[in-house]
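In order, the protein sequence lines correspond to chains A and B.
For my numbering, add 377 to where a residue sits in the first sequence, where the first one is 1.
For my numbering, add 2 to where a residue sits in the second sequence, where the first one is 1.
For each residue, glycine too, the CB sits at the ideal point set by N, CA and C.
Each remark here refers to the structure printed beneath this line.
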Amino acid sequence: MAELTNRERLRVPRQTMPRQDPLARRANFDEVALGFTPELARQEAERCLQCAKPHCVEGCPVGVLIPEFILALRQGDIEGAVRAMKEKNNLPAICGRVCPQETQCEARCVLGKKGEPVAIGRLERFVGDYELEHHVYPLERATPTGKRVAIVGSGPAGLTCAVDLGRLGHEVTIFESLHKPGGVLVYGIPEFRLPKRVVYAEIDYAAECLGIKVHPDAVIGRLYTIDELLGEQGFDAVFLGTGAGLPTFLRIPGINYNGVLSANEFLTRVNLMKGYLFPEYDTPVKVGRRVAVIGAGNVAMDSARCSLRLQALRAQETGEEPGEVHIVYRRSRVEVPARAEEVHHAEEEGVIFDFLTNPVEIYGDEHGNVCGMRCIRMELGEPDESGRRRPIPIEGSEFDMDVDMVIMALGTRPNPLVFNEAGGLERTKWGTVVADQETGRTTKPRVWAGGDVVTGAATVISAMGAGKRAAADIDRFLRGEINPWQDSV
Amino acid sequence: MYRILHKEALSEVTKLMVIAAPEVARKARPGQFVIVRIDERGERIPLTIADYDREAGTVTIIFQEVGKTTMHLGTLEPGDELATFTGPLGHPTEIENYGTVVCVGGGTSIAIIFPIARALKEAGNRVISIIGARNKDLLFWEDRMRAVSDELIVCTDDGSYGRKALVTEPLRELLEQRDGEIARVWAIGPAIMMKFCALTTKPFGVKTIVSLNTIMIDGTGMCGGCRVQLTDGAKFVCVDGPEFDAHQVDWDLLLARQRFYLEEEKLAVERWRHQCQLEAQLTAAGA
Ligand SMILES: Cc1cc2nc3c(=O)[nH]c(=O)nc-3n(C[C@H](O)[C@H](O)[C@H](O)COP(=O)(O)OP(=O)(O)OC[C@H]3O[C@@H](n4cnc5c(N)ncnc54)[C@H](O)[C@@H]3O)c2cc1C
Ligand SMILES: Cc1cc2nc3c(=O)[nH]c(=O)nc-3n(C[C@H](O)[C@H](O)[C@H](O)COP(=O)(O)OP(=O)(O)OC[C@H]3O[C@@H](n4cnc5c(N)ncnc54)[C@H](O)[C@@H]3O)c2cc1C
Ligand code: SF4
Ligand code: SF4
Ligand code: FES
């Protein structure tokens, strides 16, 4: 095919990705977005103008070589695309699915100024899926250095750090407190958004190629302390990628009734424990007939959409009406922090959004089960420190919502368990670890940290970026090129 | 994977298992617990570390068959392996020399109170123990308890062995007769027993420690499913406990929360029984 001119490229419409029909998909846990076909991918790749100064790259936290990988795709060289992608991003099949592209790479694409940006995320997913199946990019281990690194936590930060260090020839062990590695990718993000086989395939491949050991069931702070890892266990360095997994509950009356649960509990039951397959799998999960999810981040969207699916499955079995799922959010639609695509999908599937609404009390019946929720209407005032307009309660506007289940999806904090007996590790008043942005170095010698445990709840790609930067710094330290804690060691 | 090395029936419904888990054994202390998952499809359930042997690298668990998971566990044999055995979790029991203490164990929890009573005895306490069960067949370890106690009171609900009484009766008498002597009480058993022990000791102002058995998933503070309401706010049993001051616990809420999955638990047990029957029939047909 002849090369298109830029003018012609601008006329190619943004390709839509095939998806499951909303009515069908709200009754199953299969993946919603089905991915580009090779033809759709090539069409979409044609749209990229190959900017000399690609702003898209600046929008990506790890600086993926966007024009390069798209050019290779356009030329039909998928393997070249994989190589370009993997230069900067170890987990494209994952990021292509879950990155908030509309605020990152795609937000900066020139095409977005007049029309729609290049679908960078969807192309990335296409490349990632191809690589998962064909493994054209070898993960090779450099000459073993004899140095040993302990990675605590197996989310995107820990995994990325582990893979980079493994490639550099270090001996890596990942300690994970749950029985499966993957962090939020496995226990939080549902199957219909990120199939677990994708995550496990990435982990298994890396572990096999690089000899990375994964130690599940290992709660650091209990089974071993950080000092024991560095001492008797003989590790030369420790990377903390323990995330921000601690739930917060609203401080309102009634939060301990049955049927009020954290999004973490609900999603862990559904995803990690496969509660939606109960009694095939042993862990039960309950869903109300009228569910209120408090919050409007990704966690809230995932909770709402899992609730819808569980309701639909129950309806199929019993013939009853499925019920309702509400997102209750104290700000307005503009402030919604979730990925645009998830909000869109949630609405398509039938989630009801109650904006400018805040719960003030949860009611329970004589058995201690939730039987209603009192809310108050809000209005937006002046912007606060975060730059978002502050929600203010409207006096006298209280009203009751008929609900029988309340899921709190309010944001999370780092789990302090890992810091047990970890002297010298400075933390902020929010419980996050103090670590250098560029290197991940903490205040404790030979300990690095990155991802949500440092930043608080953020994104997959930012956690990966932090894992990567820390790996580079740890490598320099292990090779004796630097000794950041010279005075203290 | 964690291999089962030894299995023993303590009573009709209570089994003991010794599990090879050297890393857990290395760190375990009385009062802590593990999270167990049998296989790929299994749920995660908390079980107290009843004993451990650091040299042999083993941890002992004792469980009562009350639902699908514990019944399934009860069918496993030495040589079989558990998919998950995470721990040690929770805070260890605070063992000190308090003077005279009372240890109350109900049913399966006799096994849980035993290492605590032993540790208290070793720390120099005068240990009075009360153990109880619904009937004689559910009682066990009387000899072991006697060996670590200065006094031992045994009771059954139906009077088939020892004194016919609920454990709270001798507890009340002790408190009445030895006013001011008893420094602390440990009460471990079903939530309802612990609730009534708490009510019994409260008027006497004797500090009472209970080990709460809420529903759990991760056991690391991540889900909040195990939360309890104390007078000074909500706490997570897995990381803040499992032992708490009994007089601070909102027992009715705890009991209600334990019942949340009742329907599902029943369904799981029915399904499990059905499966076992099928298997038995198949084996019989094959043999
Ligand atoms: C439901 C949900 C949906 C989300 N959706 C998106 C999305 O669409 N896009 C996006 O970019 N981001 C999303 N996020 C945010 C994103 O998942 C996180 O920012 C990211 O996973 C953080 O990575 P991490 O490696 O720092 O930590 P995590 O992924 O949290 O991993 C930390 C791991 O450490 C383990 N751990 C903790 N303590 C210990 C210990 N003491 N010992 C051993 N192991 C320990 C934990 O079990 C966990 O496996 C979502 C988050 C949630 C909860
Ligand atoms: C920290 C901690 C330590 C524990 N240690 C032990 C232990 O050492 N040995 C042990 O046997 N159990 C112990 N438990 C309780 C144990 O976890 C449960 O019995 C187990 O989860 C039941 O699982 P299941 O699937 O067999 O039954 P499920 O189907 O979950 O429950 C069946 C029925 O039994 C009820 N039930 C649950 N737990 C108890 C209980 N403890 N007593 C009476 N009824 C109950 C349930 O409410 C339900 O009605 C502990 C719990 C906690 C939180
Ligand atoms: S990693 Fe995320 S932000 Fe970076 S290019 Fe890929 S989709 Fe965009
Ligand atoms: S900004 Fe858009 S058009 Fe330009 S290189 Fe990046 S993706 Fe292509
Ligand atoms: S079991 Fe999940 S927080 Fe305690």
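Which residues DSSP lists as bridging residue i, in chain order
i: A/L638; result: A/I784
i: B/Y100; result: Bridge partners of B/Y100: none, in fact.
i: B/Y263; result: DSSP output for B/Y263 lists no bridge partner at all.
i: A/C683; result: None; A/C683 has no bridge partner.
i: A/N735; result: A/I753
i: A/A614; result: A/V526
i: B/D55; result: B/T60
i: A/Y601; result: A/I597
i: A/Y740; result: A/G749
i: B/I21; result: B/I6, B/V61
i: A/M650; result: None; A/M650 has no bridge partner.
i: B/C105; result: B/S131, B/W188
i: B/S213; result: B/E245
heavy atom of ligand 3 below 7 Å from residue i C-beta
i: A/P438; result: yes
i: B/G223; result: no
i: A/G473; result: yes
i: B/Q283; result: no
Residue i Cβ short of 7 Å to ligand 2 heavy atom set
i: B/G92; result: yes
i: B/G69; result: yes
i: B/N215; result: yes
Nearest-angstrom Cα separation, counted from residue j out to residue i
i: A/E456; j: A/R518; result: 20 Å
i: A/P415; j: A/E726; result: 28 Å
i: A/A458; j: A/G473; result: 14 Å
i: A/N467; j: A/L562; result: 15 Å
i: A/D659; j: B/I40; result: 10 Å
i: A/L400; j: A/C433; result: 35 Å
i: B/D247; j: B/I211; result: 5 Å
i: B/C225; j: A/T789; result: 11 Å
i: A/I629; j: A/S763; result: 24 Å
i: A/A835; j: B/T216; result: 31 Å
i: A/E342; j: A/L607; result: The question about residue 342 of chain A has no answer here: the residues shown for chain A are numbered 378 through 866.
i: A/E772; j: B/G227; result: 34 Å
i: B/Q277; j: A/L855; result: 55 Å
Three-state secondary structure assigned by DSSP to residue i
i: A/Q814; result: coil
i: A/I580; result: helix
i: B/V61; result: strand
i: A/E517; result: coil
i: A/C437; result: coil
i: A/M841; result: helix
i: B/G126; result: coil
i: B/S131; result: strand
i: B/F142; result: coil
i: B/G235; result: strand
i: A/D454; result: coil
i: B/D247; result: strand
i: A/W825; result: strand
i: B/F206; result: helix
Any non-hydrogen atom of ligand 4 closer than 7 Å to residue i Cβ
i: A/P469; result: no
i: A/H432; result: yes
i: A/L488; result: yes
i: A/P390; result: no
Residue i Cβ short of 7 Å to ligand 1 heavy atom set
i: A/P624; result: no
i: B/D242; result: no
i: A/N466; result: no
Contact test: residue i Cβ vs ligand 5 heavy atom, cutoff 7 Å
i: B/F35; result: no
Are there three or more Cβ pairs, one per stretch, closer than 8 Å when the region 781–799 of chain A is compared with the region 576–583 of chain A?
Taking a cut-off of 8 Å for Cβ pairs, the region 781–799 of chain A and the region 576–583 of chain A do not touch, as fewer than three such pairs fall below it.
Flag this pair as touching only if the region 13–29 of chain B and the region 53–63 of chain B have three or more C-beta atom pairs under 8 Å; answer yes or no.
Using a C-beta cut-off of 8 Å, the region 13–29 of chain B makes contact with the region 53–63 of chain B, since at least three inter-stretch Cβ pairs fall below that distance.
Measuring CB atoms only, is the region 634–652 of chain A touching the region 563–579 of chain A, in the sense that at least three cross pairs come out at less than 8 Å?
yes
Do the region 98–106 of chain B and the region 183–196 of chain B make contact, defined as three or more Cβ pairs closer than 8 Å?
The region 98–106 of chain B makes contact with the region 183–196 of chain B; the number of CB pairs closer than 8 Å reaches 3 or more.
Can you confirm whether the region 403–414 of chain A touches the region 808–822 of chain A when touching is taken to mean that 3 or more C-beta pairs between the two stretches lie within less than 8 Å?
no
The region 799–806 of chain A touching the region 752–766 of chain A, judged by at least three CB pairs closer than 8 Å:
The region 752–766 of chain A and the region 799–806 of chain A do not touch, with fewer than three beta-carbon pairs separated by less than 8 Å.
Any chance the region 813–829 of chain A sits against the region 838–858 of chain A, with 3 or more Cβ pairs inside 8 Å?
At 8 Å Cβ cutoff, the stretches touch.
Please confirm if the region 745–760 of chain A is in contact with the region 523–538 of chain A, defined as three or more CB-CB distances below 8 Å between the two stretches.
Not touching, per the Cβ criterion.
Cβ contact check for the region 71–88 of chain B and the region 104–121 of chain B: 3 or more pairs under 8 Å
no
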